[in-house]
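Numbering (our numbering), first residue to last: 40 to 120. Using N, Cα and C, we set each Cβ at its ideal position, and we do this for glycine too. As structure tokens, the structure follows; a few thoughts come after it.
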């Protein structure tokens with residue numbers, strides 16, 4: 040009985056690999072290397088200068104710092120003191 044009940048729960052393993060691949064939305068236009076969507080400009084600037092001797096704008100023309108940030112709820116906005 041316990042086996043039947045546990046079988047209904049669904050012990051199917053969930054892989055993180057597909058999610059990680061899907062989140063790589065920033066791509067270098069020179070070498071086409073992909074970066075996570077949470078990458079910030081210092082990391083991308085380092086790649087551009089070290090790998091290609093170019094600027095951030097030359098390698099990542101579509102990158103905008105504001106798009107890479109994840110909005111977090113503000114503790115003050117919740118009304119708690």
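Check	Outcome
Exposed unless 16 or more other CB atoms sit within 10 angstroms - verdict on residue 67	buried
Beta-carbon contacts of residue 84 that lie in its chain and below 6 Å, excluding the five residues immediately before and after	95
Residue 99 vs residue 60 beta-carbon contact at 8 Å	no
Bridge partner(s) assigned by DSSP for residue 73	66
Beta-carbon proximity of residue 93 to residue 87, cut-off 8 Å	yes
Residue 74 to residue 53 span [Cα, whole Å]	23 Å
Nearest-angstrom Cα separation, counted from residue 63 out to residue 57	10 Å
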